[in-house]
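Under the working numbering, the residue at position 52 of the sequence shown is numbered 120, and the numbers go up by one with no gaps.
Working notes, beginning with the structure itself.
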Amino acid sequence: IMLRSCCVYGAGILCVLLLIAGIAMALAQVFQKLINNTIKEVKAFSVWRTPPPPVYMQFYFFNLTNPAEVLEGDKPFVLQVGPYTYREYRPKEEVKFMDNGTRVAAVNPKTYVFEPSMSRGSEDDIVRTVDIPVVSAMEKFKDTIVVSRIISDVMKAKGIGMFRTFRVGDLLWGYEDPLLKELKQFVSDDHFGLFYKKNGTDDGDYIFFTGKQNYQDFARIDEWNGQRTLNWWSTEECNMINGTDGASFHPIITKKEKLYIFSSDLCRSIYAQYESDVSVRGVPGFRFVPPSEVFANITINPDNAGFCVPSGNCLGSGLLNASVCKEGAPIIMSSPHFYQADNKFVQDVLGMNPNKEEHETVIDVNPVSTRFKTTVQSRNIYFVKAMVSQTFLSHPFCMYVIYAYAFFTSNLIILQLHKTLYFLKTNQKCMVLLKEKKKF
């Protein structure tokens, strides 16, 4: 009798499990069918191609207050100025569906328009900072005797030093550099700017998955500039192009998964993990943030060894040597104010005040409701590896410091349904069923 009861109970449990599995499979098929049917909707496609919500890019600079003292060996003392705010327009162009609608090719040109009412100052504001073209030339030609002498002679004749003043607009969008102009036979361009040639241009050719075969692949990058991997780093893992471009994510996001993002500005892929529940304008959501391990040193995260270039040349936690993808310029990427970086970098530059609330990148998502919003606040910073000797300057001087230069934040609050090819037409009833499915 006991054996018979166990068999009955076992059969009952098995039936329940099979029923749950059947419901889950049916719901998944229904949801996938909705995606396939609505992927072709003209209205949804139009909104995905030209997203209506505003995107704002805010730039901050670090103004050097003690250049003479720095040349005598003191630590640089900087004051943060800004923001200088720009409205960013990012329509997708040259859109072409491929492989029976499973992939879509596009470019994403970005145009920036200055917003005076949202800025603390104008593009004509003057900032004193390190002269990146000068430092780049010093680093690039330090072992080339002939060019080194030319650089030294030009700098002395024209009174060019490590630090100078610039217009904010020139620092961002480009200016003719006097040293590069004299070196034009040795360099490819005599202009420099953090976003030089990046206003009204795109960052490459993308091919995205549409989610037709698997909704979890929606917006995931398949190729960038004709390649499925990068070639800047020394390991296959570090060269992987993972995730989306950060503007869209697949629906039905769970707290346990990682959100992967590829950033052409960072020259690498990163990921974010669930941190907490949040409310964005009254809409509940999940907050995802990149953990410190993303930029940790190889002792903490051995997988980051591939980002040490040349191999074995590791800067420490919180920093990424981006010179390999910035045409050799000594550019270091990090979070603002060396947030999550080794403390020695914070101490080397006076005026750094890292804190989580102001300097952390966050992604807030509500992955189910037909009204959910996504907030993206990405924060990146440009530092300059300044390593200069008396070879180029008019008086004995030697300095090695990761110098704080500028940082920018991209603030985006979007109606996520307006960012997808298919989600506008997803049935509310189906979404409710999917909510119930998650309870099992």
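Backbone N, C-alpha and C define an ideal beta-carbon position, used for all residues, glycine too.
Note that the C-beta distance between E183 and T212 is not below 8 Å. CA-CA distance, D290 to F330, rounds to 11 Å. Considering only C393, D167, K164 and E156, the residue with the shortest C-alpha distance to P177 is E156. Taken in chain order, the complete beta strand (DSSP E) segments of 3 residues or longer contained in the region 230-300 are 231-235, 273-277 and 289-292.
The beta carbons of Q341 and F356 sit about 6 Å from each other, so the pair counts as a contact at 8 Å.
Boundaries for R188: no alpha helix (DSSP H) harbours it, and the DSSP string shows neither H nor E there. Pairing D410 with G384 gives a Cβ-Cβ distance under 8 Å. Counting the other Cβ atoms within 10 Å of the Cβ of I194 gives fewer than 16, which makes it exposed.
Taking C-beta atoms under 8 Å as the contact rule, G311 and L334 fail to qualify, at a distance of about 12 Å. Shown here for P359: same chain residues with a beta carbon closer than 7 Å to its own, the five before and five after excluded, namely Q341 in chain order. Its chain contains C382 as the residues whose beta carbon lies nearer than 6 Å to that of C376, once the 5 sequence neighbours on both sides are disregarded; these appear in chain order.
The Cβ neighbour count for K323, taken over all protein chains shown within 10 Å, is under 16; the residue is labelled exposed.
The Cβ-Cβ distance between D199 and R235 does not fall below 8 Å. With three or more CB-CB distances shorter than 8 Å, the region 135-153 counts as touching the region 406-426.
Contact annotation: the region 249-268 touches the region 207-223, with at least three C-beta pairs closer than 8 Å.
Between the alpha carbons of T269 and F263 lies a gap of roughly 10 Å. The shortest C-alpha to C-alpha distance from M308 to any of G227, Y339, H259 and G279 is the one to Y339. In the same chain as S187, and ignoring 5 residues on each side of it, the C-beta atoms closer than 7 Å to its own belong to P151, Y152 and T153, in chain order. Collapsing the DSSP output to three states places K178 in a strand. In this structure, S302 and S379 form a Cβ contact; the two beta carbons are roughly 5 Å apart against a cut-off of 8 Å. By a beta-carbon distance limit of 8 Å, K164 does not contact V175. Their separation comes to about 10 Å. Boundaries of the beta strand (DSSP E) around K164: E161 to M166.
Here N134 has F145 as same chain residues with Cβ atoms under 6 Å from its own Cβ, once five neighbours each way along the sequence are excluded. Looking from the CA of V181, the closest CA among L132, I218 and M125 belongs to M125. According to DSSP, T153 shares a beta bridge with Q126.
E425 carries a helical assignment under DSSP once its states are collapsed to helix, strand and coil.
Check the Cα spacing between A136 and each of T179, G229 and P201: the tightest is with G229. In this structure, N267 sits near W241, with a CB-CB distance shorter than 8 Å. Counting C-beta atoms within 10 angstroms of its own C-beta, R288 has 16 or more neighbours from the protein chains shown and is therefore classed as buried. For the pair F231 and A474, the CB atoms are not nearer than the 8 Å cut-off. Contact between R196 and N131 holds, with the beta-carbon distance rounding to 6 Å and staying under 8 Å. If the five residues before and after E361 are omitted, its C-beta is found closer than 6 Å to the C-beta atoms of N369, all from its own chain and listed in chain order. A distance of 8 Å or more separates the beta carbons of F286 and T297.
Going by DSSP, Q341 is part of the beta strand (DSSP E) stretching over R336 to V348. Here DSSP, grouped into helix, strand and coil, assigns M206 to helix.
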